[in-house]
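A.B. asks:
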Amino acid sequence: MNLRTTLQHYLYKDGLNYLLHPHIVTENTHSKVAEIGVGTCIWLIELARELPPTVQLDGIDIDFAQCPPKEWLPSNIAWITHDVFAEPPHELIEKYDVIHVQLFITILRDGNPVPMLQNLLKMLKPGGYLQWGEWDFTSWEVMRTSVAPSKSNDELEQIREYTSTLGGTKSGPGFISMSWIARLHETFKQHGLEDVIVDRRRFDKAIAPLLLDTWMMATQEISFNVLDKLGGGRGDVMRGFVEEVGKHRQDTCFNLDRVVTLGLIRCGMVMECRN
């Protein structure tokens, strides 16, 4: 998982050329920035190189096992153990100038970002920014070279369907609901965020196979951690799909959009979020 999450970070950043959206003002040398769900801590480590050491950088998560040893991190990075789906403690209320969230698509499986969003808004200072980045799988497109076999995309579509329906055990929106991402800017506005910006960018075709690699790693993890536990050979089926996709990596891939949604919370909005 460490390799996948770190590679995803660099792929996501490629083409965006920023960690914090350029619209975010970073002139305050004593700002407080939080990342929700730190993974390997790579985003915070890179941001520490771009901002003054007086800026406080907090990683908020329930587990930091994938991170480097704390004593090796920049001194302005701190870890805070907190579940973002729970009510924020008093010490986190209106604490942050910027909150960064990225790739929660497999965590928000019910497709409802609102409970988490409401908690995040309570943690933002008036005048603070929320930056939320995701893959938008509704923009999914299979790409094939001129020499690709005629059915080389079959396993790609099968993996997508098999993941979404949790090996055929779920119907409706499935295991992972994805449509909320394309509407996140509307959700921001509905909950009081202003000056909402959407930065939607497709991946460069040249690095799309690397995106495929991370996706296959993720589906392998799902096959072992979720599908095997459901029984019926579902994990084996998924791993079979992954193996077949790997055979066509040189001629068949997929592409999609990265979507960064940014919003500003003005004075008075936090009190409304609390009610």
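Quick note: the sequence shown uses this note's numbering, first residue 3, plus one each step. Idealized CB from N, CA, C, for every residue including glycine.
Would you grab the beta carbon distance between Leu229 and Gly169 for me? Rounded to a whole angstrom, and I think it's under 8 Å.
C.D. replies: Sequence index remark: in the sequence shown, residue 229 carries index 227 (1-based). Sequence index remark: in the sequence shown, residue 169 carries index 167 (1-based). With a Cβ gap of about 5 Å, Leu229 and Gly169 count as contacting.
A.B. asks: Are the CB atoms of Phe256 and Val144 nearer to each other than 8 Å?
C.D. replies: As a first step, residue 256 must be located in the sequence shown, where it is residue number 254. As a first step, residue 144 must be located in the sequence shown, where it is residue number 142. Result yes, Cβ atoms of Phe256 and Val144 sit closer than 8 Å.
A.B. asks: Report yes if the C-beta distance between Leu94 and His84 is below 8 Å; otherwise report no.
C.D. replies: Mapped onto the sequence shown, residue 94 falls at position 92. Mapped onto the sequence shown, residue 84 falls at position 82. Going by C-beta atoms, Leu94 is nearer than 8 Å to His84.
A.B. asks: Within 8 Å, do at least three Cβ pairs link the region 234–254 to the region 121–132?
C.D. replies: no
A.B. asks: How should Gly61 be labelled, buried or exposed, when 16 other C-beta atoms within 10 angstroms of its C-beta is the threshold for buried?
C.D. replies: Stepping through the sequence shown from its first residue, residue 61 is reached at position 59. So Gly61 counts as buried.
A.B. asks: Between which residues of its own chain and Val198 is the CB-CB distance below 6 Å, once the five residues before and five after are set aside?
C.D. replies: In the sequence shown, residue 198 corresponds to position 196, counting from 1. Same-chain partners within the cutoff: His187, Phe190, Lys191 and Gly265.
A.B. asks: In the DSSP assignment, the alpha helix (DSSP H) including Asn4 goes from what residue to what residue?
C.D. replies: On the sequence shown, position 2 is the one that residue 4 refers to. Start and end: Asn4 to Lys15.
A.B. asks: Check whether the region 37–55 and the region 219–233 are in contact - that is, three or more C-beta pairs closer than 8 Å.
C.D. replies: no
A.B. asks: On the three-pair Cβ rule with 8 Å, is the region 17–34 touching the region 212–219?
C.D. replies: Touching, no, given that fewer than three Cβ pairs across the two stretches are closer than 8 Å.
A.B. asks: Once the 5 residues before and after Asp112 are set aside, which same chain residues still bring their CB inside 7 Å of it?
C.D. replies: Sequence index remark: in the sequence shown, residue 112 carries index 110 (1-based). Answer for Asp112: Ser179, listed in chain order.
A.B. asks: Can you find the residues in the same chain that come closer than 8 Å, C-beta to C-beta, to Pro117, ignoring five residues on each side of it along the sequence?
C.D. replies: Here residue 117 is taken as the residue at index 115 of the sequence shown, counted from 1. Once the five neighbours on either side are set aside, the close Cβ partners of Pro117 are Phe87.
A.B. asks: Less than 8 Å between the C-beta atoms of Val247 and Glu136, yes or no?
C.D. replies: Taking the first residue of the sequence shown as position 1, residue 247 is located at position 245. Taking the first residue of the sequence shown as position 1, residue 136 is located at position 134. Not closer than 8 Å, so no.
A.B. asks: Just to confirm the assignment, what range does the alpha helix (DSSP H) spanning Glu196 have?
C.D. replies: The residue you call residue 196 lines up with position 194 of the sequence shown. Segment Glu196 to Arg204 is the beta strand (DSSP E) holding Glu196; no alpha helix (DSSP H) there.
A.B. asks: Going by the DSSP bridge assignment, what does Asn257 pair with across the sheet?
C.D. replies: In the sequence shown, counting from the first residue as 1, residue 257 sits at position 255. Paired residue(s): Glu143.
A.B. asks: Near Ile107, which residues of its chain fall below 8 Å by C-beta distance, leaving aside the five closest residues on each side in sequence?
C.D. replies: Here residue 107 refers to the residue found at position 105 of the sequence shown. Once the five neighbours on either side are set aside, the close Cβ partners of Ile107 are Glu136, Trp137, Phe139, Ile178, Met180 and Ile183.
A.B. asks: Taking only three categories from DSSP, how would you classify Met271?
C.D. replies: The residue given as residue 271 occupies position 269 in the sequence shown. Confidence in Met271 is poor, its pLDDT being 49 and thus under 50, which makes the residue's placement unreliable; the coordinate value appears in the next sentence. Note: Met271 maps to helix in three-state DSSP.
A.B. asks: Sorted by chain position, which residues of the same chain lie with C-beta nearer than 7 Å to Phe226's C-beta, five sequence neighbours on each side aside?
C.D. replies: Start at 1 with the first residue of the sequence shown, and residue 226 comes out as number 224. Gly237, listed in sequence order.
A.B. asks: Are Leu59 and Asn30 closer than 8 Å when you measure CB to CB?
C.D. replies: By 1-based counting over the sequence shown, the position of residue 59 is 57. By 1-based counting over the sequence shown, the position of residue 30 is 28. No, the Cβ-Cβ distance between Leu59 and Asn30 is not below 8 Å.
A.B. asks: Starting from His84, follow the beta strand (DSSP E) in both directions and report where the run begins and ends.
C.D. replies: Position 82 of the sequence shown, counted from the start, is the residue given in the question as residue 84. Taken as a continuous stretch (DSSP letters only), His84 belongs to no beta strand (DSSP E), as it is neither H nor E.
A.B. asks: On the three-state DSSP scale, how would you describe Leu99?
C.D. replies: As a working mapping, residue 99 is identified with position 97 in the sequence shown. What sits at residue 99 in the sequence shown is Asp, not Leu. DSSP places Asp99 in the strand class (E or B) of the three-state scheme.
A.B. asks: Grouping DSSP H, G and I as helix and E and B as strand, with all else coil, what is Gly130?
C.D. replies: On the sequence shown, position 128 is the one that residue 130 refers to. Of the three classes helix, strand and coil, the one that applies to Gly130 here is strand, per DSSP.
A.B. asks: Along the chain, where does the alpha helix (DSSP H) containing Asp238 start, and where does it finish?
C.D. replies: The sequence position of residue 238 within the sequence shown is 236, counting from 1. Looking at the DSSP string, the run of the alpha helix (DSSP H) that includes Asp238 is Arg236 to Lys249.
A.B. asks: If you follow the alpha helix (DSSP H) that Ile44 is in, where does it begin and where does it stop?
C.D. replies: If you number the sequence shown from 1, residue 44 lands on position 42. From DSSP, the alpha helix (DSSP H) with Ile44 extends over Ile44 to Glu52.
A.B. asks: Do Val262 and Gln1 have their beta-carbon atoms positioned less than 8 Å apart in this structure?
C.D. replies: This structure gives no information on residue 1, because the portion of the chain shown stretches from 3 to 277.
A.B. asks: Hey, Ala50 and Pro76: beta-carbon distance below 8 Å or not?
C.D. replies: The residue labelled residue 50 in the question sits at position 48 within the sequence shown. The residue labelled residue 76 in the question sits at position 74 within the sequence shown. In this structure, Pro76 lies closer than 8 Å to Ala50 by Cβ.
A.B. asks: Using alpha carbons as the reference points, say which of Thr165, Asn4, Glu89 and Leu123 lies closest to Leu195.
C.D. replies: Along the sequence shown, read from residue 1 onward, the residue named residue 195 stands at position 193. Comparing Cα-Cα distances from Leu195 to each of Thr165, Asn4, Glu89 and Leu123, the minimum goes to Leu123.
A.B. asks: Rounded to the nearest angstrom, what separates His250 and Ile109 at their Cα positions?
C.D. replies: As a first step, residue 250 must be located in the sequence shown, where it is residue number 248. As a first step, residue 109 must be located in the sequence shown, where it is residue number 107. In a straight line, the C-alpha of His250 is about 29 Å away from that of Ile109.
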